[in-house]
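A short worksheet on the structure shown next.
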Amino acid sequence: MSVYPRFRGKLIRPTVGMMRAASGIFHAHGRIGELLPLERVLCAAFHKEPDRVPVTHFLLGAARRLTGISYERFSRDPEAAAEAYIAANELLGGDVLYTVIDLSVEAADFGQEMVYPPYSTAYPDYRKPRIASVDDYERLEPFDPRRSPRMGMGVKLARILAKKAGIRYPVMGFVFGPLGVLNMMRGAPRLFADCARHPQKVKAALEVITEVLVDYARALCDTGVDAVMLDTLFASQSGVSRELWVEMEGVYARRIADEIRRNGALVALHNCGTRPYLDLQLEYMEPVIVSLADVPDDCADLAELKAKYGERTAIAGLIPTQSLLLESPKAIMELAREQIRVLAPGGGYVLAPACEYPPNLELANALAVVRAAKVYGKYPIK
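Heads up, the sequence shown is in our numbering, so the first residue is 321 and it goes up one at a time.
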């Protein structure tokens, strides 16, 4: 929100205790009337039942199609990206605004050369990796992310969205985890091998990256965003072992999460990997809400996820990208209905796709996700 007052240049935010108390008031109001998206999401974050299940369509690059801009402009112009994100919520529905552009934002500012396709997500040019040899790990240097091209755009986008959102929508900043940023500059196969063969060199780069990401998180918080989401993809069976993740990212991600809390914003987590290590991520980052693509490695199904972790953190995501690509809107609504039945009782749940809505997919299934929350997500859940 842009409505937070400032004292001596610093935002004055409500404490976690104040937000928890407010969620109780919103819960009571939701029993007799309709809540604003911000109120609805705050209820979910603090495990209170709102008027209905909060929902996000997770339109990122796909939102550009609603305003007719190219993908490259979406990737480089904060005003145009903000207009697209607002249009997605106003036209399709949705309770959250994100500042996510793509997963190469941070790497690009460290010098990774990029490719900007006209109709698809920007990505690193792996023919020209920033970390071309193991010696390059120690050549990364810190910089001010507010003044860098792509992270600087992220800060501007967050400020625009926080202002436009007012007290209606919660705005969620985004920071890719340190190991993920390094992957964008080296490539996963070589990075994983280097973690085993040259761990100290890799850690030298992670120290520099983390220093910049801590500063980036601080800058995002200063715009008035309500939360900052950390993406720790490799804390899953799609990435590295549990032990290696703690060593190569967990200890660094903790510093970023601590900085977010220190600056008064809530910590959120995104992990779209297979069988994520949720217990470790909760230990190292303590998020109030996690967005997942799969059940954790220590859970058999959604019911066990809810039973084991439903009181420790709010849960979001889990509508498979493959289903969005292949299934009908009716099938998506039925899938969402079952997830609502299992995960929504007691609050602490946001209906959402497992990851970014495919950027060039027709929007019927995004509408189906939103409609499912409105049709099947009214509390009390039946």
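Yeah, the Cβ is synthetic: ideal placement off N, Cα and C, and Gly gets one too.
When the five nearest sequence neighbours on each side are left out, the beta carbons in the same chain lying within less than 7 Å of the beta carbon of M471 are those of V425, E426, D429, P465, Y536, in order along the chain.
Here Y439 is exposed, its C-beta having fewer than 16 other C-beta atoms within 10 Å. L671 is bridged by DSSP to V375, G637. Cβ-Cβ separation between A547 and P490: approximately 7 Å, consistent with a contact (criterion under 8 Å).
Judged by DSSP in its simplified three-state form, I609 adopts strand. Rounded to whole angstroms, the separation of the alpha carbons of V587 and L540 is 12 Å. The straight-line gap separating the alpha-carbon atoms of K698 and A613 is approximately 24 Å. For H590, the beta-bridge partners assigned by DSSP are D551, S611.
Taking C-alpha positions only, I660 is separated from L622 by approximately 10 Å.
Around the beta-carbon of I345, fewer than 16 other beta-carbon atoms lie within 10 Å, marking it exposed.
Annotated three-state conformation of S343 is helix, per DSSP. Inter-segment contact for the stretch 663–682 and the stretch 362–371 is present: three or more beta-carbon pairs are separated by less than 8 Å.
Shown here for D422: same chain residues with a beta carbon closer than 6 Å to its own, the five before and five after excluded, namely T441, A442 in chain order. In the three-state reduction of the DSSP assignment, S556 falls in the strand class, which pools E and B. Here G507 has Y446, P449 as same chain residues with Cβ atoms under 7 Å from its own Cβ, once five neighbours each way along the sequence are excluded. Secondary structure of V416 (DSSP, three-state): coil. For K484, the secondary structure class from DSSP, reduced to helix, strand or coil, is helix. Contiguous alpha helix (DSSP H) elements confined to the stretch 441–496 occur at 469–485, taking only those with 4 or more residues. Secondary-structure assignment with DSSP links K698 through a beta bridge to R372. 8 Å or more divides the Cβ of P649 from the Cβ of A674. If the five residues before and after I652 are omitted, its C-beta is found closer than 6 Å to the C-beta atoms of N685, A688, all from its own chain and listed in chain order. Just measuring C-alpha positions, the residue of D415, D551, L499 sitting nearest V361 is D415. S343 and L671 have their C-alpha atoms roughly 18 Å apart. Using a 10 angstroms sphere on the CB of R582, the tally of other CB atoms stays under 16, which defines it as exposed. Counting along the chain, F512 sits inside the alpha helix (DSSP H) bounded by residues 508–517. Contact check between the stretch 523–531 and the stretch 474–486: fewer than three CB pairs, one atom from each, fall below 8 Å, which does not count as touching. By alpha-carbon distance to L600, the top candidate from R562, Y629, N503, N591 is R562.
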